[in-house]
Amino acid sequence: MKDLSSIRNFSIIAHIDHGKSTLADRLIQFCGGLTDREMKEQVLDSMELERERGITIKAQTVCLNYTSKDGKEYILNLMDTPGHVDFAYEVSRSLAACESSLLIVDSTQGVEAQTLANAYQAINNDHEILPVLNKADLPSSEPEKIKEQIEDVLGIDASDASLVSAKTGLGVEELLEKIVADLPPPKGKLDEPLKCMLVDSWYDSYLGVVVLVRVINGQLKKNQKIRFMASGATHTIDRVGIFSPKPTEVDTLGPGEIGFINSGIKSVSDCKVGDTITEEKNPTIEPLPGFKPSQPVVFCGMFPVDSDDYEHLRDSMVKLALNDSSFSYEPEVSPALGYGFRCGFLGLLHLEIIRDRFDLEFNLELVTTAPSVVYKINMNDGSVVDLHNPTDMPDPVKIHTIEEPWIKATIIVPDEYLGAVLELCTSKRGIQINLNYAGTRAMVEYKLPLNEVVFDFYDRLKSITKGYASFDYELVGYEVNNLVKVSIMINGDPVDALSLIVHKDRSQSRGRALCERLKDLIPRQQFKVAIQAAIGGKIIARETVASFRKDVTQKLYGGDVTRKNKLLDKQKKGKKRMRQFGKVDIPQNAFLNALKMNEN
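Next up, the structure:
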């Protein structure tokens with residue numbers, strides 16, 4: 001058994017682009033986890049999408065061997081986490097599996113919104129936090145000012161913060177010495193019954209389900225019979241290993257260690273993230289508290305472009321939900337789009353990533369409907385209905401009130417852009433809670449309705465602040481508001497994928513903007529196409545797509561005018577019949593572009 005005092009488990013947390021994955025690269029390189037030939041940039045970002053977008057989407061684990069200057073050998077279990085608010089659930093799971101955190105702060109940018117959110121998450125998990133100032137080699141680096149900022153904003157002592165450059169490797173050796181000296185070793189007992197936490201799981205086409213575990217007590221070994229406490233399923237372990245970062249088989253995993261197991265799990269439902277794994281013959285009495293389930297905030301429908309792909313989509317959903325436990329789904333049927341699924345996400349970026357993963361990993365082309373949030377409908381009979389899809393809205397006569405979700409947003413922005421940010425938040429029905437300063441940067445707290453933030457708030461925030469603002473949010477509850485459902489009709493047929501719920505004051509402008517947008521996106525037909533926005537039976541906006549005109553009289557060379565009228569009447573009748581039976585196909589990109597509406 002490995003000595004517990006020689007193990008250090010820590011996660012790397014930071015705001016987007018502050019250098020978490022690059023620092024992980026340097027630590028792997030320094031500890032000899034990979035040779036120089038095997039090394040590549042952001043080695044832990046193994047997913048194709050992560051490399052394409054340059055962001056971390058999944059938290060990754062790596063086990064490193066490090067010999068300190070005094071000759072003692074240590075095992076470092078490092079977890080590289082994402083920085084985006086949409087992947088906060090990945091961060092919270094990684095923090096639960098560790099005892100301490102490296103808080104990376106860009107020494108040229110300072111404390112940002114996600115630095116704040118992740119630091120508070122680490123504090124809530126009773127973590128020992130080690131502040132690290134990255135990018136110290138840049139001329140614009142201001143370490144003293146940033147140390148002061150960390151102490152003022154986060155209340156963490158940063159006087160002894162490590163100065164590193166993840167790109168060049170400057171200060172990495174000193175940081176490793178500090179990790180083994182200052183961070184606490186894990187606690188655990190070998191002689192107690194087996195108790196492990198299921199941290200993550202994913203599907204491998206050769207090995208089946210691979211499970212990432214953190215051992216608390218006891219030990220895991222090959223051919224051991226284990227039981228998943230939440231689902232009650234039992235399995236025999238085929239393989240035990242660690243990521244170094246290459247998957248490496250080991251004989252046993254003891255207390256405080258993080259590694260993976262394979263046990264021929266066929267049913268994906270056995271693997272619930274946060275579950276406790278124990279030995280079947282000698283089980284532990286008390287299961288671990290587990291993770292709080294993630295609360296999806298944005299919902300949309302996903303339908304296969306080709307209806308024959310429905311079964312393939314269902315299998316892919318299962319595999320993806322295994323790998324991303326913050327993604328939820330349930331089957332739904334749409335009159336316009338056929339069979340599909342209603343899916344829940346933690347934000348719009350999460351939605352985009354999932355859609356791209358279906359395309360890249362499972363080769364599926366999908367139609368996605370308008371993103372919407374969950375509304376609570378208070379009916380006249382006293383019952384409360386959760387509304388995920390605007391098309392399922394009950395009859396307005398039976399509705400007493402509609403409640404919408406609100407969030408508390410924290411925005412950190414340089415002083416010169418503050419006016420534009422306040423204006424944007426006010427235009428989105430925001431209520432200011434707080435405004436204070438950390439150096440030359442303002443920290444604004446606003447209460448905002450989630451449905452105003454879902455569409456284009458983040459894009460507009462970035463454009464008005466030239467990319468300098470950082471944004472983080474948390475749900476604070478539901479409030480009653482004057483909301484209505486706007487339906488879009490094309491040639492009199494409602495298009496459920498485009499119906500949306502908006503505040504009554506905004507309904508006309510939103511409906512008009514959507515109709516104008518669709519007029520440019522729907523291709524012209526042989527007949528006129530009417531695009532209308534309606535609230536109930538009242539039309540609030542209309543646009544018409546002009547039809548193609550064929551000159552049927554061009555062959556005429558004189559003669560009586562009745563000949564010309566006869567041909568024009570014949571054409572009119574044909575167009576009328578076409579309008580009656582003609583079907584307007586709305587291209588998939590028209591759906592998406594219509595929803596990326598710019599309200600200006």
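Residue 1 is where the sequence shown starts when you use the numbering used here, and the numbers rise one by one after that. Cβ coordinates follow ideal geometry from the N, Cα and C atoms, glycine included. None of the values given here were measured: they were computed from a predicted structure.
Cβ separation of residue i and residue j, assumed to be a contact under 8 Å, to the nearest whole Å
{"i": "residue 8", "j": "residue 183", "result": "5 Å"}
{"i": "residue 514", "j": "residue 501", "result": "That pair is no contact at about 13 Å."}
{"i": "residue 240", "j": "residue 252", "result": "7 Å"}
{"i": "residue 65", "j": "residue 31", "result": "6 Å"}
{"i": "residue 133", "j": "residue 166", "result": "11 Å between Cβ atoms; not a contact."}
{"i": "residue 343", "j": "residue 277", "result": "Not really, about 28 Å apart at Cβ, beyond 8 Å."}
{"i": "residue 433", "j": "residue 474", "result": "The pair is not a contact, with the Cβ atoms about 12 Å apart (cut-off 8 Å)."}
{"i": "residue 370", "j": "residue 421", "result": "No, residue 370 and residue 421 are not in contact; Cβ-Cβ is about 26 Å, not under 8 Å."}
{"i": "residue 511", "j": "residue 486", "result": "5 Å"}
{"i": "residue 172", "j": "residue 164", "result": "6 Å"}
{"i": "residue 390", "j": "residue 499", "result": "5 Å"}
{"i": "residue 107", "j": "residue 146", "result": "5 Å"}
{"i": "residue 326", "j": "residue 120", "result": "Contact flag wrong, Cβ pair sits at about 19 Å."}
Residue i versus residue j: straight-line alpha-carbon distance, rounded
{"i": "residue 17", "j": "residue 83", "result": "8 Å"}
{"i": "residue 555", "j": "residue 525", "result": "23 Å"}
{"i": "residue 140", "j": "residue 357", "result": "37 Å"}
{"i": "residue 600", "j": "residue 131", "result": "Residue placement at residue 600 is flagged as unreliable, the pLDDT there being 41, under the threshold of 50; a coordinate-derived value is accordingly withheld."}
{"i": "residue 313", "j": "residue 49", "result": "19 Å"}
{"i": "residue 323", "j": "residue 272", "result": "11 Å"}
{"i": "residue 581", "j": "residue 491", "result": "Reliability of the predicted coordinates at residue 581 is poor, the pLDDT of 48 falling under 50, and no value is obtained from them."}
{"i": "residue 539", "j": "residue 435", "result": "42 Å"}
{"i": "residue 549", "j": "residue 347", "result": "45 Å"}
{"i": "residue 114", "j": "residue 105", "result": "10 Å"}
{"i": "residue 122", "j": "residue 13", "result": "9 Å"}
{"i": "residue 10", "j": "residue 429", "result": "41 Å"}
{"i": "residue 530", "j": "residue 266", "result": "51 Å"}
{"i": "residue 598", "j": "residue 528", "result": "Note that residue 598 scores a pLDDT of 43, beneath 50, so its modelled location is shaky and nothing firm can be said."}
{"i": "residue 349", "j": "residue 446", "result": "21 Å"}
{"i": "residue 365", "j": "residue 523", "result": "21 Å"}
{"i": "residue 520", "j": "residue 571", "result": "26 Å"}
{"i": "residue 334", "j": "residue 5", "result": "58 Å"}
{"i": "residue 477", "j": "residue 374", "result": "11 Å"}
{"i": "residue 291", "j": "residue 175", "result": "31 Å"}
{"i": "residue 178", "j": "residue 111", "result": "22 Å"}
{"i": "residue 255", "j": "residue 244", "result": "18 Å"}
{"i": "residue 392", "j": "residue 87", "result": "29 Å"}
{"i": "residue 137", "j": "residue 534", "result": "59 Å"}
{"i": "residue 28", "j": "residue 118", "result": "23 Å"}
{"i": "residue 246", "j": "residue 321", "result": "24 Å"}
{"i": "residue 143", "j": "residue 23", "result": "17 Å"}
{"i": "residue 332", "j": "residue 232", "result": "30 Å"}
{"i": "residue 101", "j": "residue 345", "result": "27 Å"}
heavy atom of the ligand GTP below 7 Å from residue i C-beta
{"i": "residue 92", "result": "Absence of the ligand GTP from the depicted structure is noted, as is the absence of any ligand whatsoever, leaving it without description."}
In DSSP terms, what residue i is bridged to
{"i": "residue 201", "result": "211"}
{"i": "residue 303", "result": "367"}
{"i": "residue 436", "result": "443"}
{"i": "residue 401", "result": "378"}
{"i": "residue 536", "result": "None; residue 536 has no bridge partner."}
{"i": "residue 408", "result": "447, 474"}
{"i": "residue 9", "result": "77"}
{"i": "residue 225", "result": "236"}
{"i": "residue 431", "result": "447"}
{"i": "residue 386", "result": "376"}
{"i": "residue 217", "result": "195"}
{"i": "residue 332", "result": "340"}
{"i": "residue 544", "result": "530"}
{"i": "residue 289", "result": "Bridge partners of residue 289: none, in fact."}
{"i": "residue 413", "result": "442"}
Minimum Cβ-Cβ distance from residue i to chain E less than 8 Å
{"i": "residue 492", "result": "Of the chains in the structure shown, none is chain E; there is only one protein chain."}
Sequence ranges, alpha helix (DSSP H) only - wholly within the stretch 47-135, length at least 4: 48-53, 88-96, 113-124
query: If we count Cβ pairs, one from each stretch, closer than 8 Å, do we get three or more for the stretch 186-199 versus the stretch 217-230?
result: yes
query: What runs of the beta strand (DSSP E), each 3 residues or longer, lie entirely inside the stretch 447-530?
result: 470-481, 483-490, 500-503
- request: Would you check if there are 3 or more beta carbon pairs closer than 8 Å linking the stretch 376-385 to the stretch 346-356?
  value: no
message: I'd like the ranges of any beta strand (DSSP E) spanning at least 3 consecutive residues and lying wholly in the stretch 230-286.
response: 234-236, 239-243, 247-249, 258-262, 276-279
- request: Count the CB pairs spanning the stretch 281-289 and the stretch 337-345 that are closer than 8 Å, and state whether there are at least three.
  value: no
message: Below 8 Å, how does it come out for the stretch 432-447 and the stretch 404-415: are there three or more Cβ pairs, yes or no?
response: yes
query: Just checking, does the stretch 251-270 make contact with the stretch 208-215 on the three C-beta pairs under 8 Å criterion?
result: yes
The stretch 459-467 / the stretch 70-82 touching (three or more Cβ pairs under 8 Å): no
message: Under 8 Å: do the stretch 225-240 and the stretch 292-307 share three or more Cβ pairs, one atom per stretch?
response: no
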